[in-house]
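From first to last, the protein sequence lines stand for chains C and H.
Under our numbering, the first residue of the first sequence is numbered 1, with each subsequent residue one higher.
Under our numbering, the first residue of the second sequence is numbered 128, with each subsequent residue one higher.
Idealized CB from N, CA, C, for every residue including glycine.
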Amino acid sequence: MSTRTPTIDEDDVPQTMMNRLPAGFKPRPRRAHQLEQTAGPGSPSRHELSADMLVIGRGSAADLRIESDDVSRTHAQLQRVDDEYTIEDLDSRNGVFLNGLRVHAAVLRDGDQLQLGDVVFTYTEGT
Amino acid sequence: MGFFVRFWGVRGSIPTPGPRTRRYGGNTSCYELRSDTTVLIFDAGTGLRELGISLLRNPPRAGLELHLFLSHPHWDHIQGFPFFGPAYLPTTTIHVYGSEKNENYQLLSGQMSNAYFPVAFKDLSARIVPRAFKNDVVQAGDFVVRRFDQKHPGGSAGFRVEHEGRAVVYATDSELDQLLTDPEGPSRNPRTLRRLPAAVVAPMKNADLLIADAQYTDEEYPKRIGWGHARSNTVVDLAIQAGVRQLALTHHDPMHSDRDVDAMVLTASERARSIGAELEVFGAREGVTLRVDRE
Ligand SMILES: [Zn+2]
Ligand SMILES: [Zn+2]
C-alpha cells in the first residue's frame, strides 16, 4: 500500500490536468481513414484503412487485391505515419496519379483522387 | 537511377496553418532533391523541421551528410533551420552553399544569436561546412548544381540541378514581371506571350521540372509591384519559352486558400494549352514526391 503524499512532480501532471477538465469533456470518437473505389474492376467498394502498411495490387500478396490487368502485382503501398497515410508507387507499370498528376509518393488528404491503371479511388480522411 | 523531388514547404512569406491551406500546406519554402546516394535541400523554411524528422526516422549508420542551398536569407527561407533535428547530432555533416564570400553561412547563424533563439549556432553539434560555388557551379554528391541571379529585393539565387541527364530548376522569389522585354505587354493584352530576355530563359532551358515562384494572379499583381514575386501567367510563359516539361507553381501566397491555388493552376494550364504548349502545370503541394528520372 502506498502512503505517498501527493506532490507535484512530472508523474502527476496528467492527473492534475484530468482534474481540471471542463465538465462534459470527453474524447472524440475516431473514424477510420477510407478508400472508396469508384472505377475499375471491383467498384464500387469501400475500404476502411486500419493497417500500418498495406499493398494494393493484382497479385496474391496484395492486401487490397484488384483484378485488373492495368494494375501491377504489387502496384502501390499505403503506409501510416503519425496517423496520416502516404501512398507510394512500388515501381508499377502504369504509375500512381494523384488528382491527375503522376507522383512517386504523397501524403493523402481528404478528397484526393488516386488513379492506378483503370482503377480510381477517393480518399476520405478520418479523425 | 533515382532522381526524386519532395515538397516540404511551398508557402510564401509566412507559415499559414489552418483548414484553408491544409491540402497544399502551410509550411514555408523547403524542397528535397535526392538521388540514391545524395540528399540536397533547397531553402530552410519551416518545412525543414518535418524533413528533419523524416531524415531521423532511418538515419544511415555513418550519419547524415546533407547539402543545403539557400536562395536568399528572407525569413521564410531560413526560419526552419534552428528546428532542424539533424543539426543537433554530432554525426551529421551539413554543407551550406553560398557565393564566393558565402554570406549564407553567417545569415543562418545570425538568426540564432542571443535574443532570437535560445540555442547558439556554435552549439549545434553537427559539422557545418561552408561551401562556395566556383563560377556559379558546384558538384554536390552525384549532382551538379548551377546558381543564377534573380530579380528580388536584396537579391535571390535560382538553382539548376542536374543528375544523369535530367534537370530540375528551383527558381523562387523572382519578380519575372520586372524583366519582361515588353513591360507594358501584359496590360495591353494579357493573353499574348510575355517574352523574357534570353539570359533569363537560359537557366530553365529544357528542364524536366521547373519549380517556380508564382505567387500572384494577374489581378493581384498591380498592387504588389516591387514585392519580388511573379505572376503565375508570366511563369507559364517563361516555362514555355524554355521548353520546360513540367511546371510546379509554388511560393503560394499566404492569402491563397487551397481553392485559390486550384484556380490558379487551372488558369495556368489553360494558358499553356491556349498557347499550344505541351507543358504540364500543377501546384506544388506539401508531402508530394515526384520522380523525375522516368519516361
Ligand atoms: Zn520567399
Ligand atoms: Zn524573399
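Cβ separation of residue i and residue j, assumed to be a contact under 8 Å, to the nearest whole Å
{"i": "C/ARG58", "j": "C/SER72", "result": "7 Å"}
{"i": "H/HIS201", "j": "H/ASP300", "result": "7 Å"}
{"i": "H/PHE270", "j": "H/LEU167", "result": "6 Å"}
{"i": "H/ILE338", "j": "H/ALA366", "result": "Not a contact, Cβ separation roughly 11 Å."}
{"i": "H/GLU302", "j": "H/LYS278", "result": "5 Å"}
{"i": "H/ASP263", "j": "H/PHE275", "result": "7 Å"}
{"i": "H/VAL392", "j": "H/ALA399", "result": "Not really, about 11 Å apart at Cβ, beyond 8 Å."}
{"i": "H/THR218", "j": "H/VAL256", "result": "Their Cβ separation, rounded to whole angstroms, is 14 Å, which puts H/THR218 and H/VAL256 out of contact at 8 Å."}
{"i": "H/ARG322", "j": "H/GLN368", "result": "7 Å"}
{"i": "H/LEU195", "j": "H/TYR224", "result": "7 Å"}
{"i": "H/PRO381", "j": "H/GLY139", "result": "7 Å"}
{"i": "H/LEU417", "j": "H/LEU336", "result": "7 Å"}
{"i": "C/LEU90", "j": "C/GLN79", "result": "Actually they do not touch by this definition, with Cβ atoms about 11 Å apart."}
{"i": "C/THR74", "j": "C/ALA106", "result": "Going by Cβ atoms, the distance from C/THR74 to C/ALA106 rounds to 18 Å, so no, they are not a contact pair."}
{"i": "H/ASN360", "j": "H/PRO330", "result": "Going by Cβ atoms, the distance from H/ASN360 to H/PRO330 rounds to 20 Å, so no, they are not a contact pair."}
{"i": "H/THR164", "j": "H/ALA267", "result": "11 Å between Cβ atoms; not a contact."}
Rounded C-alpha distance that separates residue i from residue j
{"i": "H/PRO142", "j": "H/GLY153", "result": "5 Å"}
{"i": "H/VAL362", "j": "C/TYR123", "result": "31 Å"}
{"i": "H/VAL296", "j": "C/GLY95", "result": "24 Å"}
{"i": "H/VAL404", "j": "C/THR127", "result": "The displayed chain sequence assigns Ala, not Val, to residue 404 of chain H. Approximately 42 Å, taken between the alpha carbons."}
{"i": "H/SER198", "j": "H/PHE169", "result": "7 Å"}
{"i": "H/ARG176", "j": "H/ARG315", "result": "44 Å"}
{"i": "C/MET1", "j": "H/ARG188", "result": "In this prediction, C/MET1 has a pLDDT of 44, which is less than 50 and means its spatial position is unreliable; nothing more can be read from the coordinates."}
{"i": "H/PHE131", "j": "H/SER181", "result": "15 Å"}
{"i": "C/PHE121", "j": "C/GLN37", "result": "4 Å"}
{"i": "H/ALA375", "j": "H/ALA390", "result": "14 Å"}
{"i": "C/GLU88", "j": "C/GLY111", "result": "18 Å"}
{"i": "H/ARG358", "j": "H/LEU306", "result": "12 Å"}
{"i": "H/VAL327", "j": "H/ALA334", "result": "14 Å"}
{"i": "H/THR190", "j": "C/ARG31", "result": "Here residue 190 of chain H is Gly; the residue named in the question, Thr, does not match the sequence. Cα to Cα, the separation comes out at about 39 Å."}
{"i": "H/GLU289", "j": "H/VAL272", "result": "6 Å"}
{"i": "C/LEU49", "j": "C/GLN113", "result": "16 Å"}
{"i": "H/GLY285", "j": "H/GLN373", "result": "17 Å"}
{"i": "H/PRO280", "j": "C/GLU125", "result": "41 Å"}
{"i": "H/THR155", "j": "H/HIS383", "result": "14 Å"}
{"i": "C/PHE97", "j": "C/VAL103", "result": "6 Å"}
{"i": "H/ALA214", "j": "C/GLY100", "result": "37 Å"}
{"i": "H/ARG351", "j": "H/THR394", "result": "20 Å"}
{"i": "H/SER283", "j": "H/ASN185", "result": "33 Å"}
{"i": "H/ARG76", "j": "H/LEU216", "result": "The structure shown has nothing for residue 76 of chain H, since chain H only spans 128 to 422."}
{"i": "H/GLY129", "j": "H/LEU234", "result": "32 Å"}
{"i": "H/ARG254", "j": "H/HIS222", "result": "8 Å"}
{"i": "H/LYS249", "j": "C/GLU84", "result": "36 Å"}
{"i": "H/VAL265", "j": "H/VAL419", "result": "21 Å"}
{"i": "C/ALA51", "j": "C/ARG109", "result": "17 Å"}
{"i": "H/ARG161", "j": "C/SER92", "result": "20 Å"}
{"i": "C/PRO27", "j": "C/LEU21", "result": "11 Å"}
{"i": "C/ALA61", "j": "H/TRP354", "result": "54 Å"}
{"i": "H/LEU193", "j": "H/GLU347", "result": "38 Å"}
{"i": "H/ALA242", "j": "C/GLY24", "result": "42 Å"}
{"i": "H/LYS332", "j": "H/ARG293", "result": "11 Å"}
Residues near residue i in its chain [Cβ-Cβ closer than 6 Å; skip 5 each side]
{"i": "H/GLY212", "result": "GLY179 and LEU183"}
{"i": "H/ASP340", "result": "THR299, ASP300, SER301, HIS356, ALA357 and HIS378"}
{"i": "C/SER45", "result": "GLN37"}
{"i": "C/ARG63", "result": "Per the sequence presented here, residue 63 of chain C reads as Asp, with Arg not at that position. Correct list, in chain order: LEU54 and VAL55."}
Own chain partners of residue i with C-beta closer than 7 Å, once the 5 adjacent residues on each side are dropped
{"i": "H/TYR151", "result": "VAL137, HIS379, ASP385, VAL388, GLY410, ARG412 and GLU413"}
{"i": "C/ILE68", "result": "Note that residue 68 of chain C corresponds to Ser in the displayed sequence, not to Ile. Result list for C/SER68: GLY40, PRO41, ARG58, GLY117, ASP118 and VAL119, in chain order."}
{"i": "C/LEU35", "result": "HIS47, LEU49, PHE121 and TYR123"}
{"i": "H/ASP309", "result": "ARG322"}
{"i": "H/GLY172", "result": "GLY136, ASN154, THR155, SER156, CYS157, ASP203, HIS204, GLN206 and GLY207"}
{"i": "H/PRO324", "result": "LEU306 and THR308"}
{"i": "C/GLN115", "result": "PHE97"}
{"i": "C/THR3", "result": "Bear in mind that a pLDDT of 48 at C/THR3, under 50, signals an unreliable position, so the number given afterwards is only what the model happens to contain. None."}
{"i": "H/ILE402", "result": "LEU320 and ILE367"}
{"i": "H/SER236", "result": "PHE248"}
8 Å CB neighbourhood of residue i in its chain, flanking five on each side removed
{"i": "H/PRO209", "result": "GLN238, MET239, PHE244 and VAL246"}
{"i": "H/ARG149", "result": "ASP385"}
Quiz item: What residues in the region 91–102 of chain C bring their beta carbon closer than 9 Å to a beta carbon of chain H?
Solution: GLY95, LEU98, ASN99, GLY100, LEU101 and ARG102
Practice problem: Would you list, in sequence order, the uninterrupted alpha helix (DSSP H) runs of no fewer than 4 residues that lie entirely inside the region 285–366 of chain H? | Solution: 312–315 and 325–328
Quiz prompt | Completely contained beta strand (DSSP E) runs for the region 137–187 of chain H, where each covers 3 or more residues | solution = 157–161 and 166–169
Quiz item: Residues in the region 103–127 of chain C with C-beta within 9 Å of chain H's C-beta atoms, listed in sequence order?
Solution: VAL103, HIS104, ALA105, ALA106, VAL107, LEU108, ARG109, ASP110, GLY111 and ASP112
Self-check item: Contact set between the region 138–167 of chain H and chain C, restricted to residues whose Cβ is under 8 Å from the partner
Solution: ARG149 and ARG150
Quiz prompt | Whole alpha helix (DSSP H) elements within the region 379–403 of chain H, 4-residue minimum | solution = 385–402
Quiz item: What residue ranges within the region 27–59 of chain C form continuous beta strand (DSSP E) runs of no fewer than 3 residues, ordered along the chain?
Solution: 33–39, 45–49 and 53–57
Exercise. Closer than 7 Å, Cβ to Cβ, to anything on chain C: give me those residues from the region 389–419 of chain H, in chain order.
Key: PHE409, GLY414, VAL415, THR416, LEU417 and ARG418
Practice problem: Would you list, in sequence order, the uninterrupted beta strand (DSSP E) runs of no fewer than 3 residues that lie entirely inside the region 182–265 of chain H? | Solution: 192–196, 220–225 and 254–259
Practice problem: Identify each residue in the region 195–220 of chain H for which the Cβ-Cβ distance to at least one residue of chain C is less than 9 Å, and report them in chain order. | Solution: none
Self-check item: Unbroken stretches of the beta strand (DSSP E), 3 residues or longer, contained in the region 82–112 of chain C
Solution: 84–89, 96–98, 101–103 and 105–107
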